[in-house]
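Reviewing the structure listed below.
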Amino acid sequence: MWSPGLLLLPLLLLGALAPFGAQGMPRRKYLCPADFVRHGNSCYYFSVHMATWFDAHFACKDRKSELAILDKGWEDRNMRTYLNKPELARLERWIGGIYNWETKRWVWGANGGHPLKYQGFSKMAKDSDPKWNCIIMDPSMNYKWTSRVCLDKKHYICEVPLKQLKPPQPHVAQPQKPRKNPKDPNKPKKPRDPAKRPRDPNKKQRDPNRPRDPNRRQKQQRQGWRQRQHLRQQQRANAKQQTTTAAPTNNQPASQTQYQPRPGYHQTWAGQHRYRFLQIQPDLLPYREEVLI
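Numbering (mature numbering (1 follows the signal peptide of the UniProt record, and there is no 0)), first residue to last: -24 to -1, 1 to 269.
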């Protein structure tokens, strides 16, 4: 029994297999550079500005390409068919052929490249001298080849091979290396060497479950500096308790007086330097007591 769904099924299968080739493989994709047009197996750039043949040669070099080389008959025919389109302006355009007057033959390229195996010239005059001439595609002769002086300014055609895009590779997960566990709870402990000094039972043992602090070395150094600072402060406090000799005032004999700093004053920067000053010059003790207290 015929059903409309049977007709839609082949169409759905064709749409699903469209991105793939005949054997189910993904189709190849190609890419042309910016401002280039794909035509056949190459990409072509049709210039907007005019230049001499040699300037056109270097302009194509700047675009990482060459002046067009039409060394096969089918390439020349396809190019003439493309240039005859009505949307393109009918202009004379340079291609990569130049006459080498030393070898007396036409070659491709400015550096005396390979000679022309295929020639798409129109009928040229027998008495014409091709010296210092280059090849153009002439629209007045259905874009057949003809020669012009290389110093004339014309439009030009650059060519670059068609670039194939690589298909995306499937992601393959890389095997990860097993992590090393420095503390395996199932690993048997080594027996303690009896020659080593036994542990002090009164010493506070480190909690094995407590995580190790990565900044413990800096904290230990800072703690040692604090202990030394505290020791210096104790030495200064003990030195301040010693007796000092007061200077005589009003022609009175000197008497032994006890210097008692204010509570907490000796711990400040001013109190420390005040005590040092009085130790060096004890005669100024009354004056300093009168001013600073």
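All C-beta atoms, glycine included, are put in the ideal place defined by N, C-alpha and C. Since this is a predicted model, take the numbers as computed values, not measurements.
Residue i versus residue j - alpha carbon distance
i, j, result
"R69", "W50", "19 Å"
"L46", "S18", "11 Å"
"R81", "A10", "35 Å"
"D31", "N118", "25 Å"
"D52", "W108", "23 Å"
"R212", "K163", "54 Å"
"T28", "Q150", "56 Å"
"V24", "P115", "16 Å"
"Q210", "Q217", "11 Å"
"A86", "V136", "17 Å"
"E63", "V83", "31 Å"
"A215", "Q205", "15 Å"
"P154", "Q145", "27 Å"
"K142", "V13", "20 Å"
"R186", "K165", "20 Å"
"P190", "R208", "30 Å"
"G200", "P167", "34 Å"
"A35", "C8", "18 Å"
"Q152", "D183", "33 Å"
Cβ-based burial, residue i [other Cβ within 10 Å; buried from 16]
i, result
"T122", "buried"
"E42", "buried"
"H90", "exposed"
"G72", "buried"
"A44", "buried"
"R193", "exposed"
"K37", "exposed"
"E180", "The sequence given here places Lys at residue 180; Glu does not occur at that position. That one is exposed."
"K130", "buried"
Residue of the options minimising C-alpha distance to residue i
i, options, result
"Y58", "P167, K180, I133", "I133"
"K93", "R193, G200, K48", "K48"
"residue 272", "R14, P143, K120, P137", "Residue 272 is absent from the model: the chain starts at -24 and stops at 269."
"C110", "S98, V125, R14, G96", "V125"
"I74", "R56, H33, V148, M26", "H33"
"E78", "A65, K129, K180, P106", "P106"
"R66", "R188, S98, I112, N76", "I112"
Rounded Cβ spacing between residue i and residue j (contact assumed at less than 8 Å)
i, j, result
"Y21", "R39", "6 Å"
"L127", "Y6", "Not really, about 37 Å apart at Cβ, beyond 8 Å."
"G16", "N54", "5 Å"
"Q140", "R4", "6 Å"
query: What alpha helix (DSSP H) runs, 4 residues minimum, are completely inside the region 33 to 111?
result: 49 to 59
Kindly provide the ranges of any beta strand (DSSP E) runs that are 3 or more residues long and lie completely inside the region 118 to 155, ordered along the chain.
-> 120 to 125, 131 to 137, 139 to 141
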